[in-house]
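Participant: Under numbering that gives the first Met the number 0, the first residue of the sequence shown is numbered 0, with each subsequent residue one higher.
We put the CB at the ideal spot given by N, CA and C, even for glycine.
Take a look at this one; I'll ask things after.
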Amino acid sequence: MNFLIQASLIFSMPLLFWLPLRRFVPLVLVQILCGILIGPSLLGRLAPELYASVFPPNTGVALSSLSALAIVCVGFIAGMELELDELKHQARRVLHAGFLSYLIPAVGGGCFAWWAGHQWPELVGERATSGVFAVAGSICFGVTALPVLAAILREMNLSSSRLGHTSLTLAAINDLLLWSCLTALMLATSQPNAAQHAWVWLLLPVLLAAGFIFRPWLRKWFESLTQMKELSTSALSIVLVGLFLSASVSEMLGMHAVIGSFIFGMLLPKALRQHFTKLTAPFSNAVLLPFFFVSAGLSLDISASPAWMFFMLSVVVGSGLKIISTAIPVHAWGWSWREALQLGALMQSKGLMEIVVLRALYDAGIISQSCLTALLLMALVCTALAMPLTRGLAPQVHRKYLME
């Protein structure tokens, strides 16, 4: 009964708040804020008995399980949506701008994180050194949330504009660099259980041999799937088994499950990606992600966080470096400063990807609870600023169109 009440709150409360605000903020932002409202930060302090009755300790397992499943699906979809072939054919200046828009915030954010780790040692996780924490910070400050960016562009009727196409291309390059850096960090800092590690290395040759033996059959099977208008239940089940096995192996190696699911989605044949995106994305976005976002808010106790100064500086660093690093190379192409700054304002939105990265870093013991809280709030502020900044920077003749 408690879980059904929680589910009702998780689905209804964000929608009620978001509908009158949908022109100004994305739904993900409202979902996390609702999680904070009904979590220990506010409801837990204002009405502890009500909070205990709605969210008793024994119901946390269900929410955690659904959140873990949501993260796996997010990684899988992100891997499928990463179009490496399309990035190869982009103009060289677009690729340069994409790399700069990630690398400059990453380097600047890493230096800031290294300084903050010495200034506030409680930010550093139990398993991290100051160097590892700095690398983690560089990843966090380089993030651009591609799914949230796409939603913002749809809300502002900019998806088919030059601004929309360019921002999505730069965000895709950022995504590629983000996942590469996160995978490298997880591999470098992983501390797998010895028994699990042995099992994985024993199974890998078997799996590789099986893949080589069954490769002709798999190729024919994939070709037959591409000719089907709708995928069968058995085909979907087989791919889901591969997805969960990939995520499990990733965890056994000491990395986060999202890394394995992302790699599996990226390796899926291109002809099948559209089928599986259509099947998994609606369910993930409509059912699983609300649990993940609200659970992220529930896990935060803002009043207990000692890192408010770190949070405020993070907003300045995270937003400022992203806007500048995007605007300068784009202005060099010939864009006006106004358009270039609009692009930077869109690129500094963090949203979903930042939360997934933070959760992975926290689970790995690289960042602490107080750091998780501060950076998650930073992600919320940066995401909330994207639409107002873009509209505010719009030329007067286009502002009416953007507000419609």
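Just tell me which of S318, I262, C370 has its CA closest to the CA of Q341.
Facilitator: Comparing Cα-Cα distances from Q341 to each of S318, I262, C370, the minimum goes to S318.
Participant: Just verifying my parser: in three-state terms, what is the DSSP assignment at Y400?
Facilitator: Per-residue confidence for Y400 stands at a pLDDT of 43, beneath the threshold of 50, marking its modelled position as unreliable; the derived number appears in the next sentence. Reduced to three states, the DSSP call for Y400 is helix.
Participant: If contact is defined by three or more beta carbon pairs under 8 Å, each pair taking one atom from either stretch, is the region 145-162 in contact with the region 330-349?
Facilitator: As far as the Cβ criterion goes, the region 330-349 touches the region 145-162, which means the pair count is three or higher.
Participant: Tell me whether S324 is buried or exposed, calling it buried when 16 or more other Cβ atoms sit within 10 Å of its Cβ.
Facilitator: It is buried - the Cβ of S324 has at least 16 other Cβ atoms within 10 Å.
Participant: For L8 and L252, I'd like the C-alpha separation in whole angstroms.
Facilitator: Going by the C-alpha atoms only, they are around 36 Å apart.
Participant: At the level of alpha carbons, what is the spacing between T128 and G108?
Facilitator: Approximately 16 Å, taken between the alpha carbons.
Participant: List the DSSP bridge partners of I366.
Facilitator: Partner(s): V123.
Participant: Just curious, the alpha helix (DSSP H) that E13 is in, first and last residue?
Facilitator: It is worth fixing the name first, because residue 13 is Pro in this sequence and not Glu. That run of the alpha helix (DSSP H) goes 1-17.
Participant: Check whether the Cβ atoms of F263 and I70 sit closer than 8 Å, and answer yes or no.
Facilitator: It is not a contact, given that the beta carbons lie outside the stated cut-off.
Participant: Thinking C-alpha only, which one of W178, V355, L42 is nearest S52?
Facilitator: The shortest C-alpha separation from S52 is found at L42.
Participant: How about V356 and C139: do their beta carbons lie closer than 8 Å?
Facilitator: Their beta carbons are under 8 Å apart, which means V356 touches C139 by this criterion.
Participant: Given a threshold of 16 other Cβ atoms within 10 Å of its Cβ, counted over all protein chains shown, does V147 qualify as buried or as exposed?
Facilitator: With 16 or more other Cβ atoms within 10 Å, it is buried.
Participant: When DSSP labels each residue in this structure, what does Q118 get in the three-state scheme?
Facilitator: Three-state result, Q118: helix.
Participant: Given that a residue counts as buried once 16 or more other Cβ atoms are within 10 Å of its Cβ, and exposed if not, what is R337?
Facilitator: With fewer than 16 Cβ atoms within 10 Å of its Cβ, R337 is classed as exposed.
Participant: Is A306 helix, strand or coil by DSSP?
Facilitator: If DSSP states are grouped into helix, strand and coil, A306 belongs with coil.
Participant: Take every Cβ of the region 98-113, pair it with every Cβ of the region 130-138, and state whether three or more of those distances are shorter than 8 Å.
Facilitator: Yes, the region 98-113 touches the region 130-138.
Participant: With a Cβ-Cβ cutoff of 8 Å, do F309 and W17 count as a contact?
Facilitator: Against a cut-off of 8 Å, the Cβ pair of W17 and F309 comes out as no contact.
Participant: Whole angstroms is fine: what's the gap from L94's alpha carbon to A46's?
Facilitator: Between L94 and A46, the C-alpha separation is close to 52 Å.
Participant: Note down, in chain order, each residue of its chain lying with its Cβ closer than 8 Å to the Cβ of L28, except the 5 sequence neighbours on either side.
Facilitator: Counting only Cβ-Cβ distances below 8 Å, and skipping sequence neighbours, we find G350, L379, T382, A383.
Participant: Which of the three DSSP states is assigned to N156 in this structure?
Facilitator: The answer is coil: DSSP assigns N156 none of H, G, I, E or B.
Participant: Can you look up P25 in the DSSP assignment and give me helix, strand or coil?
Facilitator: P25: coil per DSSP, three-state reduction.
Participant: Which residue's Cα is closest to the Cα of V123: M386, N57, D362, L297?
Facilitator: Among M386, N57, D362, L297, the Cα nearest to that of V123 is on D362.
Participant: Along the chain, where does the alpha helix (DSSP H) containing L181 start, and where does it finish?
Facilitator: Here the alpha helix (DSSP H) through L181 covers 161-188.
Participant: If we call anything under 8 Å between Cβ atoms a contact, is G259 one with V248?
Facilitator: Against a cut-off of 8 Å, the Cβ pair of V248 and G259 comes out as a contact.
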